[in-house]
Each structure stands twice: as C-alpha cells, then as structure tokens.
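Colleague: Those letters in the sequence shown? Residues -8 to 373, by the working numbering. All residues carry an ideal CB built from backbone N, CA and C; glycine is no exception. Below is a structure I'd like to ask you about.
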Amino acid sequence: MDIVLLGSTGSIGTQTLDVCRMHNIRVKALSANSNIELLEKQTREFLPEYISVFDEKYYSDIKIRLADINVKILCGEESACELAALKCDRVVNSVVGFAGLLPTLSAIKAKNSVALANKETLVAGGELVMRALEENGTSMLPIDSEHSAIFQCLLGAGENKLSKIILTASGGPFFGKTREELKNVTKSQALDHPNWKMGEKITVDSATMMNKGLELIEAVHYFRVLPEQVEVVIHRQSIMHSAVEFEDSAIIAQLGTADMRIPIQLALTYPKRLECPAKKLSLTEAGTLTFEKPDEDVFGCLKAARKAIKMGGNAPCIVNCANEAAVSLFLSDKIGFLDIGEAVNSALSSVKFINDPSLDEILYTKKAAEEYVFSRFKQGEI
Ligand code: MG
C-alpha cells in the first residue's frame, strides 16, 4: 500500500512514519510546514515521488538540500491540496489547524480514502466534508485517539443504534484548578501535559479543554449524533480512550496505552490489525481508573464548543478559528491563559452567524474570527 502524508514533520507525522517503517508502507508524498531539516531527512529515508513545503520561503533551501535526490518539489498553500489528490491508498492528514480543511476536501474529491488526524477539518467544515464524502463515495478513518476508539467500539454494532458517546478527556495539566489559580499560568505550564506528548497547539488546546470541545464537534459530525448524546468525562489516566453506550445500556469501551501509533496504524491498515510498536497495556499495572465530570465554568472553551455545535452553521468554525488566533497569541506570550476562553466565547457572540455555510463562507468566517481576536488584542481588550 502507499500513502500521501501531509504534515510529516509534526508529532502525528513522525509517528505515522514509524508505522510505515515497521510495515513497509510506501510513502508516495510528504508535506511539511517549515521544518526543512527533518523533511530532508525523511525524504532521504522514504524516497517519496513528491514533497511539498507550505511556506514558500523554504522552497529554494529544500531544493538545494535535495539536489542529489530524484523528487518533485512543490511549494505554497495549494501544494498540500495537489499532493492530497495524487492516487494513493490513504491520504494521512496531520496538518495543524484550519489549514487542513482544503487538503481534506481535495483528497475526498479525488476519491482518496482519508486517515484524519486534523480534527479542525470536521470542526470548521463538518457538513461540507460529510457531504463530500457521501457524494464521492469514499471513506474517512479517524486517527484522533478518542474517535478511533469510538469507531472501534462500533465495529460489529450492525444496525444497532448507539444511545450515547462517552468521550474521555485527560483533563490536561490544570484539572481541578479554579479560575483564580489559572489567571497567571505560564506557557511552559500549559505545555506540560501529564500523559500525551503532542505538538504545541494541541497541548495548549488540551490545557484549556478546547481540544475536547473540538473533539465533541468532530464526534457529532463523524458519528452523526446529537450534541446531547456526547458526554465528556474526565479520565486522568488516558487508558480508556472513549466508549459508546447502546440502547440496551451496554457500554463498550476501547482501552490501550497512550500511544498514538495504535490509532494511526489502524487508520492505515484497517480492516487489518497488525503488530504495533506501542507498549502493551497491563491492566494490573494501570491499577485504578477514575472518571469525573468536567467543570465547564472553569474551562470556558469546552462550553463555547458545546454552544457552537448546538447553534450549527458556521459557529463551530468561528470557535475553532478564534481559538487558533488566541492560542497563537498565547504561545507568543501576548495574552494570558484565561484570555483564550474569553476570546473564543466573545467571538462566538460577535462574528456573523451563517446557517449552512458554503466553502467560501467558511473561508470568510475564518478571516472574520481571526480578525476579531487580533483586533481585540490590539485594542488592549484581551
Ligand atoms: Mg484526541
């Protein structure tokens, strides 16, 4: 089999290549944002036919570095879409943020099967993406560990309807803290996740619980359930990756170590389950598993996400893009931790609501939400 891997130098990208290495999966194309050194190394090892760099300023650098290798090099925003449309067995989309949406749509239009790690694709363009999947008769497999778990729990369910999804959340580094205690937390505290080693954006999202909010929206679209059917449960150990409850009250859960190579591999090799480099779970070593309710008053991002998916239309896109803008400000030490939730909630009530948005309207919403957050910052309101 062969894959096109978008976002190859990030956390999911490098772990996808671990799986490819183990199972001799051919890598047809790689794309990266700006980590040129690692992209060069990956190209030399996996010898793809194509690579692309999102940021055009790195084009000449990578071209010189790989002058001795036979590889076609593309660049710019459009290039990930071009790679996503190449004929292959799976397009793995591990691009970070809204930038993943257009490549996902491009892959679906080319009738490629998508392995999706970019949750923002379904958050910002949920209806568009689900419609495109239906129209093109192609499949999308989740890489996000919770959604992979839910997908696995539903295997063999047949026509039986689920009554509830139990979406587990680690709670991040700030679980149990009050708003007062979160006022002055620093970037390095937010980036110190207890269980998962991930990229910076998702780690901050995990600390604010926006990550769970985005996953709630992702689940509503992907599994076609109502927002009320998704219960977010804090599970500090990250052993149970999510569960589903059926109408007869039976709950089926998926468990494993906190290693993304398990869901990544399944998304590549499904329906086959092959040996995986991840450590096996010992239940007796894991010991006690705990489950608690999240505090949506402290974690305002989760509340905003729930409100947005109930509103529908472009509301989830507003929340997603306002969050991306706020997180970028937080990561450059310009705003405080609690300002992220504040920015997201106020963007949701201020940016123009559009019911059933077109792709152009989604792109407009992205700009409007970002501009709203950046202008509030410039005016000293956050
Ligand atoms: Mg997840």
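Using alpha carbons as the reference points, say which of Lys110, Trp187, Gln256 lies closest to Gly88.
Modeller: Comparing Cα-Cα distances from Gly88 to each of Lys110, Trp187, Gln256, the minimum goes to Lys110.
Colleague: Could you say if the segment 264 to 274 and the segment 175 to 191 meet the contact criterion of at least three C-beta pairs nearer than 8 Å?
Modeller: Segments in contact, no.
Colleague: What number of angstroms, rounded off, separates the C-alpha of Tyr363 from the C-alpha of Thr248?
Modeller: Straight-line Cα distance between these residues: approximately 40 Å.
Colleague: According to the neighbour-count rule (16 or more other Cβ atoms, all chains shown, within 10 Å of its Cβ), is Asn202 buried or exposed?
Modeller: Its Cβ being crowded by 16 or more others within 10 Å, Asn202 is buried.
Colleague: Quick one: residues with CB closer than 7 Å to any heavy atom of ligand 1, in chain order, please.
Modeller: Those residues are Asp135, Ser136, Glu137, Asn202, Glu206, given in chain order.
Colleague: What is the residue span of the beta strand (DSSP E) that Arg81 lies within?
Modeller: That run of the beta strand (DSSP E) goes 81 to 84.
Colleague: Go ahead and label Met200 buried or exposed: buried means 16 or more other beta carbons lie within 10 angstroms of its beta carbon, across all protein chains shown.
Modeller: Met200 comes out buried.
Colleague: Would you report the Cα separation of Ile427 and Thr129, rounded to the nearest angstrom?
Modeller: Residue 427 is absent from the structure shown; the chain starts at -8 and stops at 373.
Colleague: So, for Gly116: in the same chain, excluding its five sequence neighbours on each side, which residues have a beta-carbon less than 6 Å away from its beta-carbon?
Modeller: Excluding residues within five positions, the ones whose Cβ falls inside 6 Å are Leu92, Ile353.
Colleague: Buried or exposed: which applies to Pro133, given that a residue is buried once 16 or more other Cβ atoms fall within 10 Å of its Cβ?
Modeller: With 16 or more other Cβ atoms within 10 Å, it is buried.
Colleague: What did DSSP end up calling Lys41 once you bin it into helix, strand or coil?
Modeller: According to the sequence displayed, residue 41 carries Tyr and not Lys. Three-state DSSP puts Tyr41 in a strand.
Colleague: Quick one: what does DSSP say Pro133 is sitting in, helix, strand or coil?
Modeller: Residue state, collapsed to three classes: strand.
Colleague: Using DSSP bridges, identify the partner residues of Cys66.
Modeller: Answer is Val44.
Colleague: Starting from the C-beta of Val211, find all residues in its chain whose C-beta is less than 6 Å away, skip the five residues before and the five after it, and write them out in chain order.
Modeller: Pro218, Ile300, listed in sequence order.
Colleague: Just how far apart, CA to CA, sit Gln33 and Leu113?
Modeller: When rounded, the distance between both Cα atoms is 28 Å.
Colleague: With DSSP run on the structure shown, which of helix, strand or coil describes Ile157?
Modeller: In the structure shown, Ile157 sits in a strand (DSSP, three-state: E or B).
Colleague: In the DSSP assignment, find the beta strand (DSSP E) that holds Asp52 and state where it starts and stops.
Modeller: Not the beta strand (DSSP E): Asp52 falls in the alpha helix (DSSP H), residues 50 to 56.
Colleague: Taking the runs of the alpha helix (DSSP H) that are 4 residues or longer, which of them lie wholly in the segment 11 to 40?
Modeller: If we require 4 residues or more, the alpha helix (DSSP H) runs fully inside the segment 11 to 40 come out as 27 to 37.
Colleague: Ignore the nearest five residues each way along the sequence and tell me which others in Ala317's own chain have a CB closer than 6 Å to its CB.
Modeller: Within the same chain, Ala317 has close Cβ partners Ile331, Ala334, Val364.
Colleague: Let me check understanding here. Comparing Cα to Cα, which of Met(-8), Glu69, Lys298, Val235 lies closest to Ala148?
Modeller: Ala148 has its Cα closest to that of Val235, out of Met(-8), Glu69, Lys298, Val235.
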